[in-house]
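Engineer: In the numbering used here, the protein residues as written are 2 to 403. All residues carry an ideal CB built from backbone N, CA and C; glycine is no exception. This is the structure, below, for whatever I ask next.
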């Protein structure tokens, strides 16, 4: 019931000292399910911090616990390439609109391949022991997209040694049974007619699920693929206008928060997402000053100022002719967070952090540090504090793209 890292660490240390909590996630899962007062019905995500032992699958099977391994998102964390792989299949890419493409092109950055190998091994072990596996993707995490990534999840379940028919059941009959949805999941008289017609035979080649011909939802046929492709093509946004970069953004010498291009600066806080953090912008002695407070911790808390490089708030601009950001900064607080928003990353920006000191310091931040960001569609650059509960002040000056 707490998200405070120090409290969590103290609880874990105390539990280990009393030999109540094994070290690995897998062992914790076994312990929790075996204790079984919790009534664990299922796991979302395959454990991936250690190789699964034989007792892992046996424990789940004995307790009737299903697992939705979400191999797609774990592979995205491990490799940073999942979304690009899905877009490389024209059968999927031709139906991707701007929002789906944005989440697919986001990236956690390359992690460690062993994370995925362990998750795959846990899935294979549970399947081999006769356990119940459900198909899920945890979209829209970076590298995944609703609907689209389910086709990839089926492929990865087959990689985990499920047969294609078993993978299909993991996405249909098994979830319906696990969640008590008795009106769907099978083809039978009187059930919901949620159906796909595909070319090929997905019980032989699981990727044939991508050869869509007709989709029925509750008995009603959805528009055919050709009009859908045309609708997507007509909705593709025009190229973002090129910004005059390399070059200056703002020097604040006029006493106002103006910029040489784009639509200027404004305060940005997590209040738009239901938070309570605050920020106030002012120009003091030829510098932009941000006074604020982050209230709460975690990735969904932030406070600062944001610059919009496009013709309107969050409208895209092409910054790809530049190499990085350069600015002078000083302040007091837990550190400076710089976030780069773009259409390729959608609502989840790429970010970097730098220490803050009370003395003026010149920072250079190469665009290459904003991983997974397409600078040709940049739509916001945030400067402030994120993820840490603190009051702070920051001053920025001579902000430019070099």
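Pull up the CB-CB distance for residue 365 and residue 327, whole angstroms please, since I reckon it's below 8 Å.
Structural biologist: Yes, they are in contact, since the Cβ atoms of residue 365 and residue 327 sit about 5 Å apart, within 8 Å.
Engineer: In this structure, does DSSP put residue 62 in helix, strand or coil?
Structural biologist: Reduced to three states, the DSSP call for residue 62 is helix.
Engineer: For residue 260 and residue 355, I'd like the C-alpha separation in whole angstroms.
Structural biologist: For residue 260 and residue 355, the distance between alpha carbons rounds to 23 Å.
Engineer: Of the residues 207, 161, 381 and 159, which one's Cα is nearest the Cα of residue 265?
Structural biologist: Of the listed residues, the one whose Cα sits closest to residue 265 is 381.
Engineer: For residue 401, tell me which candidate among 110, 213 and 245 has the shortest Cα-Cα distance.
Structural biologist: Checked all of 110, 213 and 245; the closest Cα to residue 401 is 245.
Engineer: Quick one, are the C-beta atoms of residue 138 and residue 154 less than 9 Å apart?
Structural biologist: Going by C-beta atoms, residue 138 is nearer than 9 Å to residue 154.
Engineer: Can you tell which of 370, 152 and 59 has its C-alpha closest to the C-alpha of residue 110?
Structural biologist: The residue with the shortest Cα to Cα distance from residue 110 is 370.
Engineer: The ligand NAP and residue 81: does any heavy atom of the ligand fall closer than 8 Å to the residue's C-beta?
Structural biologist: As for the ligand NAP, it is missing from this structure, which has no ligand bound.
Engineer: Leaving out five residues before and five after residue 73 in sequence, what residues of the same chain have Cβ atoms less than 7 Å from its Cβ?
Structural biologist: These residues qualify, in order along the chain: 83, 138, 145, 150, 153, 154 and 157.
Engineer: Just to confirm the assignment: which complete alpha helix (DSSP H) runs, minimum length 4, are found wholly within the region 108-169?
Structural biologist: Here the runs fully enclosed are 114-129 and 149-160.
Engineer: May I ask you to report which of helix, strand or coil DSSP gives residue 174?
Structural biologist: The answer is helix: DSSP assigns residue 174 an H, G or I state.
Engineer: For residue 379 versus residue 352, is the C-beta spacing smaller than 9 Å?
Structural biologist: Result no, Cβ atoms of residue 379 and residue 352 do not sit closer than 9 Å.
Engineer: Using the Cα positions of residue 219 and residue 192, report the straight-line distance between them to the nearest angstrom.
Structural biologist: If you take the alpha carbons of residue 219 and residue 192, they lie about 9 Å apart.
Engineer: With a CB to CB cut of under 7 Å and the five nearest residues on each side skipped, what residues in its chain are close to residue 116?
Structural biologist: Excluding residues within five positions, the ones whose Cβ falls inside 7 Å are 49, 75, 78 and 79.
Engineer: Which whole runs of the beta strand (DSSP E) in the region 328-402 are 3 residues long or more, in chain order?
Structural biologist: Entirely contained in the region 328-402, the beta strand (DSSP E) runs reaching 3 residues are, in chain order, 337-343, 351-355, 362-367, 379-387 and 391-402.
Engineer: Please classify residue 373: is it buried, with 16 or more other beta-carbons within 10 angstroms of its beta-carbon, or exposed?
Structural biologist: Flag for residue 373 reads buried.
Engineer: Taking residue 65 as the reference, give the member of 101, 175 and 51 with the closest Cα.
Structural biologist: Residue 65 has its Cα closest to that of 175, out of 101, 175 and 51.
Engineer: Which value, in whole angstroms, describes the spacing of the CA atoms of residue 267 and residue 221?
Structural biologist: If I take the Cα positions, the gap works out to 47 Å.
Engineer: Taking the alpha-carbon positions, what's the residue 342 to residue 376 distance?
Structural biologist: Each residue's Cα considered, the two are about 9 Å apart.
Engineer: In chain order, what residues of the same chain have a beta carbon less than 7 Å from the beta carbon of residue 399, not counting five sequence neighbours either side?
Structural biologist: 252, 328 and 329.
Engineer: Taking Cβ to Cβ, would you say residue 383 is nearer than 9 Å to residue 338?
Structural biologist: Contact flag set, yes.
Engineer: Using only alpha-carbon positions, find the residue among 340, 188, 87 and 291 that is nearest to residue 394.
Structural biologist: For the residues 340, 188, 87 and 291, the minimum Cα distance to residue 394 belongs to 291.
Engineer: Assuming residue 258 and residue 284 make a contact with CB atoms under 8 Å, what is their CB distance in whole Å?
Structural biologist: With a Cβ gap of about 6 Å, residue 258 and residue 284 count as contacting.
Engineer: Which same chain residues end up closer than 6 Å to residue 277 when comparing Cβ atoms and leaving out the 5 residues on each side of it in sequence?
Structural biologist: So the list reads 296, once near-sequence residues are dropped.
Engineer: Under 9 Å, do residue 142 and residue 87 count as touching if we go by C-beta distance?
Structural biologist: It is not a contact, given that the beta carbons lie outside the stated cut-off.
Engineer: For my contact list, residue 391 and residue 334 are in at a C-beta cut-off of 8 Å; report their separation, rounded to the angstrom.
Structural biologist: Sure, about 6 Å apart at Cβ, within 8 Å.
Engineer: For my contact list, residue 367 and residue 325 are in at a C-beta cut-off of 8 Å; report their separation, rounded to the angstrom.
Structural biologist: Right, the Cβ-Cβ distance comes to about 4 Å (below 8 Å), so this counts as a contact.
Engineer: Mind checking which residues open and close the alpha helix (DSSP H) that includes residue 84?
Structural biologist: First-last of the alpha helix (DSSP H) with residue 84: 83-88.
Engineer: Starting from the C-beta of residue 126, find all residues in its chain whose C-beta is less than 8 Å away, skip the five residues before and the five after it, and write them out in chain order.
Structural biologist: Same-chain partners within the cutoff: 53, 55, 57 and 58.
Engineer: Is it buried or exposed for residue 188, if we count other Cβ within 10 angstroms and need 16 for buried?
Structural biologist: It is exposed - the Cβ of residue 188 has fewer than 16 other Cβ atoms within 10 Å.
Engineer: Can you list, in chain order, the residues of its chain with a C-beta nearer than 6 Å to that of residue 140? Leave out the 5 residues immediately preceding and following it.
Structural biologist: Within the same chain, residue 140 has close Cβ partners 146, 147 and 150.
Engineer: Report back the beta-carbon spacing between residue 169 and residue 203 to the nearest angstrom; my notes put them in contact at under 8 Å.
Structural biologist: Between residue 203 and residue 169 the Cβ distance is about 6 Å, and since that is below 8 Å, they are a contact.
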